[in-house]
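The working numbering puts the first residue of the sequence shown at 80, with every later residue one more than the last.
Quick reminder that beta carbons are idealized off the backbone N, C-alpha and C, glycines included.
Input: a single structure, listed below in structure tokens.
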Amino acid sequence: MPTSQASVPDDLPNLMTAWVHGWATSRATPAPTAVPGGWRIHVGLPGHRIRYVLTGADLAGLADAPHSPGTWIKAVTPAGRLRAALPAGWVPAETLHVMSTRFGAGAGRVPEPYIGEIRTDGRVVEARVRDADGATAASAFLAPAGSIAVIDRVETAPAHRRRGLGSTVMGMLAEHAVRHGMPHGVLVATDDGRALYQRLGWSVVTALEAAHLPEPAATTA
80 MPTSQASVPD DLPNLMTAWV HGWATSRATP APTAVPGGWR IHVGLPGHRI
130 RYVLTGADLA GLADAPHSPG TWIKAVTPAG RLRAALPAGW VPAETLHVMS
180 TRFGAGAGRV PEPYIGEIRT DGRVVEARVR DADGATAASA FLAPAGSIAV
230 IDRVETAPAH RRRGLGSTVM GMLAEHAVRH GMPHGVLVAT DDGRALYQRL
280 GWSVVTALEA AHLPEPAATT A
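What follows is the structure, given as structure tokens:
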């Protein structure tokens, strides 16, 4: 596979800056706005209106400030500290994992009968694998952030799982990144995703604690 165990430089602020801006590019949100200790992103989705990503801030002060329902906080902080800082109403979410790698050469082979393709939409690159009927079996996205490739939205359709297609689309993006001057990669993974990426040579840099302020459930007349 086109990754190696050599990680990106252990400069967490730069890694997080790259991830935040690449994530915003990938999701077509407005550019992140700097706040004390991190950034604020206007996501604008139901249940996920505003996102704060923090690498160092007064968590208690931020959590106590007025926030609208649908606000999320994701913070690089020791385990349990974000939860301890939250007032009533905030709901802890799954702890995520910031991961990095230095890409190597070569891409993963697309297994038959699948067909792989790379598509570009503005600055966002999509690696897609289609089945024999043309349906999308797996896909992943890349957004550039300087010399760092931000990997996002890695998905395999349920009917095509356990066939190595997640590794395939990751390999396709890694090859694209190297060809276009992005030797390093960063992503944020769930527990399930972490295992796949570690097999591909990615290393965990830090945990990312998360919590949100839920929106009221929609009601019907």
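Practice task
Report yes if the C-beta distance between Leu287 and His176 is below 8 Å; otherwise report no.
Solution key: yes
Handout entry: Contacting residues, own chain, Cβ-Cβ under 8 Å from Ser226 (five flanking each side not counted)
Key = Gly260, Met261, Pro262, His263
Practice task
Give the C-beta separation of Ala136 and Gly123 to the nearest angstrom, bearing in mind that I take them to be a contact with Cβ-Cβ under 8 Å.
Solution key: The pair is not a contact, with the Cβ atoms about 23 Å apart (cut-off 8 Å).
Exercise for the section: Within its chain, find whatever has a CB closer than 7 Å to the CB of Pro115; leave out the 5 residues flanking it on each side and keep chain order. Expected result: Ala136
Problem - Residue range of the unbroken beta strand (DSSP E) whose run includes Val208 - result: 203-209
Exercise for the section: Take Pro295 as the anchor and find which of Leu141, Glu196, Asn93, Trp169 has the nearest alpha-carbon. Expected result: Of the candidates Leu141, Glu196, Asn93, Trp169, Trp169 places its Cα closest to the Cα of Pro295.
Handout entry: Where the alpha helix (DSSP H) through Trp102 begins and ends
Key = 91-105
Exercise for the section: Could you say if the segment 217-224 and the segment 188-206 meet the contact criterion of at least three C-beta pairs nearer than 8 Å? Expected result: yes
Problem - Reduced DSSP secondary structure (H/G/I, E/B, other) of Asp200 - result: strand
Practice task
Ignore the nearest five residues each way along the sequence and tell me which others in Lys153's own chain have a CB closer than 6 Å to its CB.
Solution key: Val132, Leu287, Ala289
Handout entry: Neighbourhood of Thr156 by C-beta distance below 7 Å, restricted to the same chain and skipping five residues each side
Key = Residues Leu138, Glu288 of the same chain have their beta carbon placed closer than 7 Å to that of Thr156, with the five preceding and five following residues left out of the count.
Problem - Spatial neighbours of Arg119 in its chain, beta-carbon cut-off 6 Å, leaving aside the 5 residues before and after - result: Thr112, Tyr131
Exercise for the section: Kindly indicate which three-state DSSP category Leu175 falls into: helix, strand or coil? Expected result: strand
Exercise for the section: With a 10 Å radius around its C-beta and 16 neighbouring C-beta atoms as the bar for buried, classify Thr269 as buried or exposed. Expected result: Counting Cβ neighbours within 10 Å, Thr269 comes out exposed, since fewer than 16 surround it.
Problem - Residue from Glu196, Val208, Pro148, Arg258 whose Cα sits closest to the Cα of Glu234 - result: Val208
Handout entry: Euclidean distance between Cα positions of Thr298 and Pro148
Key = Residue placement at Thr298 is poorly supported in this model, since its pLDDT is 43, which falls under 50; the coordinates still yield a value, given next. Distance between Thr298 and Pro148, taken at the CA atoms: about 16 Å.
Exercise for the section: Compute the distance between the beta-carbons of His255 and Ile194, then report whether it is under 8 Å. Expected result: no
Handout entry: For Gly243, the nearest candidate out of Ser218, Leu266, Val267 (CA to CA)
Key = Ser218
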